[in-house]
Amino acid sequence: MELALVVHLLVVITIYGILAISLNLVVGATGLFNLGHAAFYGIGAYTSALLVKAGVPWLLAVLASMAMAGFVAFIIGIPTLRLVGDYLAVVTMGLGEITRAVFKNWISLTRGPMGLPGIPHIAFLGIEFDTAEKFLILSVACLLIVFVIAERVLYSPFGRALKGVREDEAAVQALGKDTYWFKMRVLIIGSAMAGLAGSLFAHYITFIDPSSFVMWLTFFIFLIIVLGGLGNNLGAIVVTVVFVALREGLRFVGLPLWLNPAALQQLIFGILLIIATIFVPRGLIPERKVVYK
Amino acid sequence: MEIFVQLLVNGLIAGGTYALAAVGYSMVYGALKFINFAHGSIAMVGAYLAFVLTVLGNVPLVPAFLCSMVLTAGVGVMVERVAYRPLRRAPKLASLTTAIAVSFVLDAAVMIIMGADIRTFNLTGLGSYQIGPVYITPVQGAIVVTSLVFMVGLYWLLTRTKLGKAIRAVADGISLAEVSGINTNLIISAVFAIGSALAAASGALIGMDTNLQPTMGFIITVKAFAAVVLGGLGNVWGAVVGAFLIGVVENTGVWFIPPVWKDSIAYGILILALFLRPSGIFGKKEEAQVTVL
Amino acid sequence: MKYRTFALWIILSLVVALAAQYVAPAPLAAESPGLSAAATPTAEAAEKPQVYKVGFISHLTGDAAVYGQSMKMGTELAVETINAAGGINGVPVEVIYEDDRLSAADAQTAFLKLAEVDKVPVILGSASSTISLSLCPKAQEKKVVQVSQVSTAPALKDCGKYFFSVMASDTAQGPEWVKVAEYLGVKEAAVMYINNDYGIGVKDTFVQAFEAAGGKLLIVQPFELGGKDFRTEILKVKGTNPKVVFIVDHVAEASIIFKQAAELGLKTQWVTDVSIVSPEVPQLAGADAVEGMMGLRAGSTQTPEYQAFREAFVNKFGKEPTIWADFAYDAMMLVAKAIEKGGYTADGIQQALFEVAETYIGPSGAKKFDEYGISQGSYEWVVVKNGEWVLYEKTEQTEETEKTE
Chain A
1 MELALVVHLL VVITIYGILA ISLNLVVGAT GLFNLGHAAF YGIGAYTSAL LVKAGVPWLL
61 AVLASMAMAG FVAFIIGIPT LRLVGDYLAV VTMGLGEITR AVFKNWISLT RGPMGLPGIP
121 HIAFLGIEFD TAEKFLILSV ACLLIVFVIA ERVLYSPFGR ALKGVREDEA AVQALGKDTY
181 WFKMRVLIIG SAMAGLAGSL FAHYITFIDP SSFVMWLTFF IFLIIVLGGL GNNLGAIVVT
241 VVFVALREGL RFVGLPLWLN PAALQQLIFG ILLIIATIFV PRGLIPERKV VYK
Chain B
1 MEIFVQLLVN GLIAGGTYAL AAVGYSMVYG ALKFINFAHG SIAMVGAYLA FVLTVLGNVP
61 LVPAFLCSMV LTAGVGVMVE RVAYRPLRRA PKLASLTTAI AVSFVLDAAV MIIMGADIRT
121 FNLTGLGSYQ IGPVYITPVQ GAIVVTSLVF MVGLYWLLTR TKLGKAIRAV ADGISLAEVS
181 GINTNLIISA VFAIGSALAA ASGALIGMDT NLQPTMGFII TVKAFAAVVL GGLGNVWGAV
241 VGAFLIGVVE NTGVWFIPPV WKDSIAYGIL ILALFLRPSG IFGKKEEAQV TVL
Chain C
1 MKYRTFALWI ILSLVVALAA QYVAPAPLAA ESPGLSAAAT PTAEAAEKPQ VYKVGFISHL
61 TGDAAVYGQS MKMGTELAVE TINAAGGING VPVEVIYEDD RLSAADAQTA FLKLAEVDKV
121 PVILGSASST ISLSLCPKAQ EKKVVQVSQV STAPALKDCG KYFFSVMASD TAQGPEWVKV
181 AEYLGVKEAA VMYINNDYGI GVKDTFVQAF EAAGGKLLIV QPFELGGKDF RTEILKVKGT
241 NPKVVFIVDH VAEASIIFKQ AAELGLKTQW VTDVSIVSPE VPQLAGADAV EGMMGLRAGS
301 TQTPEYQAFR EAFVNKFGKE PTIWADFAYD AMMLVAKAIE KGGYTADGIQ QALFEVAETY
361 IGPSGAKKFD EYGISQGSYE WVVVKNGEWV LYEKTEQTEE TEKTE
């Protein structure tokens, strides 16, 4: 039994799971078409890595990285949140790429494309999380906390207002609610969660470079939340597990060498995705429409 | 000053290739109201088909080019039939998911068949002409002519033919078009055929001007998406203007700002433009739909 | 509802099937009792396995696939050569190829799969310096020898004892360029570099050495990885009228730059880094555009080793050796020799690699490692004549290759 590989994949799943839940709040619950999510993940990773390298304890660093991701989300939210739909998508995509350009070109701070090696393991409460097994405990705990917070947000009056924004923003405004601030708050919460995921990633791999925060990552998380069922956190986690297991599991299928196995894995994965989406277009656990009697 | 004439010309030529991809994108958006993220991959398939016909099949360039457009139109129709039509009544994000999956499949399939090698049309011996201060190559000339011809042709098709009328009717409202006795499935297939053929033209021209790689589609997708949104979603001519704007801004902007920020400049202009006009340059307010649902 | 349940069952059964794959040993592993080799301390004590497995991690899909796939071909050729000669002490070699998708997290997955499931004591890769850097802490922790074919970042020397690279560090190319500049007698030059770890590394060492030698830089022009339109960048360089332009780049972007530069009327003496010296470049950019271009070649194309490699490569794949295929070939050959000498364990291979590299000369040149496990390459000056890279004939000096460091 190859425990180390399973543990590693579980860690990857928890990190992607946090990302999926955080994007689910923004996209699934509120309907903000955010394609720049990977940027907040990256901001969290760099903030935490640089602070811990400078000697700051991890607990402070992770709070700082969440605050930083939330703050950038706030700045980005000011001009963009009045955009809707696909216009918001392209702007957030652009801002995500600009953020990555900053990681890449602010060489004196981030070492740019050379990447940031030697990021220390997380030490916290007197325990050093230096093995994947110990790390898994920490990342599962983080995932649970994020899950609980996200569920509480979703089923609070605030969460219902968010779904109202998604369904019909004008109607919520007509009720006298300031939808702009609803959207802003959920963007900040979601981004801060992504910052947490980034911090975990940085200290787990112990090396980061700008290529880890590309737009493709946002697309992957998108696929996960669509297949999980928009606005459903449990579905998102289940699909994250299936997703990672399938994508990496294809490595174990003995494909003939002359057929270019790596590309064939990508092909099969793509076909499975199409089939899955056609079968469950509303996601694994579709949202139940609340019917008032 | 002379240098700016050259920069402007280069920008317009780059814009021409983006425009060909963007109009197809815009037409698909108009008909189905979702972002076809596989559009760039379809352009890549077109480029490879033209390459196979000319370089490996020894077909003369112009017939091969037209042939690849026809074949790619078939690919586009097939993709719509397999991956998008079953999801027509599903949430738009489900179609977005399959679009991303389709681009995985197409990229991987081309890589398996053609290998990962960089390919070229071997049009390098043609040299370039100097007109005043401006250098221009025959391929660049062909890009200008081809995009102009296709734009005029498309204008004629959309405004003067029965098919064009039907396409515009479907774009205005699919159910309304249906009750008016239009075979909407047929029209949507036609939209995909035209859009994919134009994407093939764009891909093949980019391939002739530079080179071919199985992953070249992604950047076309991104640029065309930006052009479509900048011009105003669903407005075909807005997409053309957006494409030329992006081409010119990229080429002249790099003169002043280090090219490591090249993409950031393009996105920055895009964000600024959408800040000033939240529905794009030519978009109508009510066109700004929410793709998420 | 019915469809959904159906889909759920399909997905569930797939997951179960895959989980079964994880739990049960892979079919190939079952055939080879040699798995126990990893558990036993010395190779002599272990029974001879039926096959020696070696891991390979590189970018096999995505934007950089052209380099990963090319190195895969070089490795395949090496495996074929080794097995045709009876393998290592009669045991054939098998390479398991894994894709890192140019992502640190996926590279880690690939590594753990190779280390834990296939139980390989040695992996080849990755190509990208950043991916190699992201892998090396794990390789040290799991005690797996990591032999990168072409990673050249200076930071790699701090990786630890299980890390090797068969290509010389970035820092060696800059001073070699200064020698070219001195030879050409230029005091003013332009530099173009690709904005990634490799480009910045080479550019920095050159700028430093060139300015220290009294040279003046007219422009230091970066450009983006993955671009297709470099015309404005080229026009900026052209504006400074440089006699010589030093350029560090990769094949995909470089072939476009040379073509567009020729179209825009930039007439200059190009001098390139090692990664552009590949038969693809004149072919892709057009022979006219690159005629007379000088470059550094890691190792030498004139050696009998390279000629033999080239012939074998053409025989197997029907085309000229692609970029880095020779380095991948040498990495595999060195590993095979190290297994033969030190046994099929990480520590055995780690120690033997230093010894076998002392005398090894392959198609990409001599591979002697320094104390950090980084090869000390030599460079050959080459020039494009009639669309082919040929040895540059120096008129004053007669030495053909210059050893660096």
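Residue numbers (the numbering used here), protein chains in the order written: chain A, 1 to 293; chain B, 1 to 293; chain C, 1 to 405. Where a beta carbon is used, it is the ideal one built from N, C-alpha and C, also for glycine.
Shown in chain order are the members of the stretch 89-109 of chain A whose Cβ falls below 8 Å from a Cβ of chain B: Ala89, Val90, Val91, Met93, Gly94, Leu95, Glu97, Ile98, Ala101, Lys104 and Asn105. DSSP places Ala201 (chain B) in the helix class (H, G or I) of the three-state scheme. Within the stretch 113-134 of chain A, contact with chain C at the beta-carbon level (separation under 7 Å) is assigned to Pro113, Met114, Gly115 and Pro117. With fewer than 16 other CB atoms across the displayed protein chains lying within 10 angstroms of its CB, Gly86 (chain C) is exposed. With a threshold of 16 other beta carbon atoms within 10 Å, Asp158 (chain C) falls short and is exposed. Gln307 (chain C) sits in a helix when the DSSP states are folded into three classes. Shown here, Gln130 (chain B) sits in a strand according to DSSP, grouped into three states. Against chain C, the beta carbon of Asn251 (chain B) has neighbours under 9 Å at Asp229, Arg231 and Thr232, listed in chain order. Residues of the stretch 115-142 of chain C with a C-beta atom less than 7 Å from some C-beta of chain A are Glu116, Val117, Thr130, Leu133, Ser134 and Pro137, listed in chain order.
When only Cα atoms are considered, Gly239 (chain C) and Pro175 (chain C) end up about 26 Å apart. At a cut-off of 8 Å, the C-beta of Ile205 (chain A) has a neighbouring C-beta in chain C.
Taking C-beta atoms under 8 Å as the contact rule, Ser126 (chain C) and Asp197 (chain C) fail to qualify, at a distance of about 13 Å. With fewer than 16 other Cβ atoms from the protein chains shown falling within 10 Å of its own Cβ, Gly118 (chain A) counts as exposed. For Phe223 (chain C), the closest Cβ of chain B is nearer than 8 Å.
Here the alpha carbons of Tyr29 (chain B) and Lys92 (chain B) stand approximately 11 Å from one another.
Per DSSP, reduced to three states, the secondary structure at Glu133 (chain A) is helical. When secondary structure is reduced to three states using DSSP, Gln50 (chain C) falls in the coil class, being assigned neither helix nor strand. Close to Leu77 (chain C), with beta-carbon spacing below 7 Å, lies no residue of chain A; the smallest spacing is near 13 Å.
Taking 8 Å as the cut-off, the Cβ atoms of Leu35 (chain A) and Met215 (chain A) count as close. Between the alpha carbons of Thr272 (chain C) and Leu114 (chain C) lies a distance of about 36 Å.
Taking a Cβ-Cβ cut-off of 8 Å, Thr240 (chain A) has no neighbours in chain B, whose nearest Cβ is about 15 Å from it. Residues of the stretch 285-317 of chain C with a C-beta atom less than 9 Å from some C-beta of chain B are Ala285, Gly286, Ala287, Asp288 and Ala289, listed in chain order.
The beta-carbon of Trp156 (chain B) is placed no less than 8 Å from the nearest beta-carbon of chain C. Of all alpha-carbon atoms in A:Leu60, A:Leu5, A:Leu95 and A:Val72, the one lying nearest the alpha-carbon of Leu270 (chain B) is that of A:Leu95. With respect to the 8 Å criterion, Val237 (chain C) and Val281 (chain C) are not classified as neighbours on the basis of their beta carbons. Here Ile323 (chain C) carries a coil assignment [DSSP, helix/strand/coil]. When C-alpha distances from Leu61 (chain B) are compared across B:Ile118, B:Asn122 and B:Ala193, the shortest belongs to B:Asn122. Among the residues facing chain A, Thr359 (chain C) is not included, as its CB has no counterpart in that chain under 8 Å away.
Ala287 (chain C) is not a Cβ neighbour of Lys259 (chain C), given a cutoff of 8 Å. Residues of the stretch 254-276 of chain B with a C-beta less than 8 Å from any C-beta of chain C: Val254, Trp255, Pro258, Pro259, Val260, Lys262 and Asp263, listed in chain order. For the set C:Gly343, C:Val384, C:Lys341 and C:Ala336, the Cα lying nearest the Cα of Val277 (chain C) is the one of C:Val384. With a cutoff of 8 Å on beta-carbon distance, Val79 (chain B) and Val102 (chain B) are scored as near each other. With fewer than 16 neighbouring CB atoms inside 10 Å of its own CB, Phe256 (chain B) falls in the exposed class.
Under DSSP, Lys216 (chain C) forms a beta bridge with C:Glu188. The alpha carbon of Ser65 (chain A) has as its nearest neighbour, out of A:Gly55, A:Asn24, A:Leu200 and A:Thr14, the alpha carbon of A:Leu200.
Residues of chain A whose Cβ lies closer than 7 Å to the Cβ of Glu98 (chain C) are, in chain order, Arg251.
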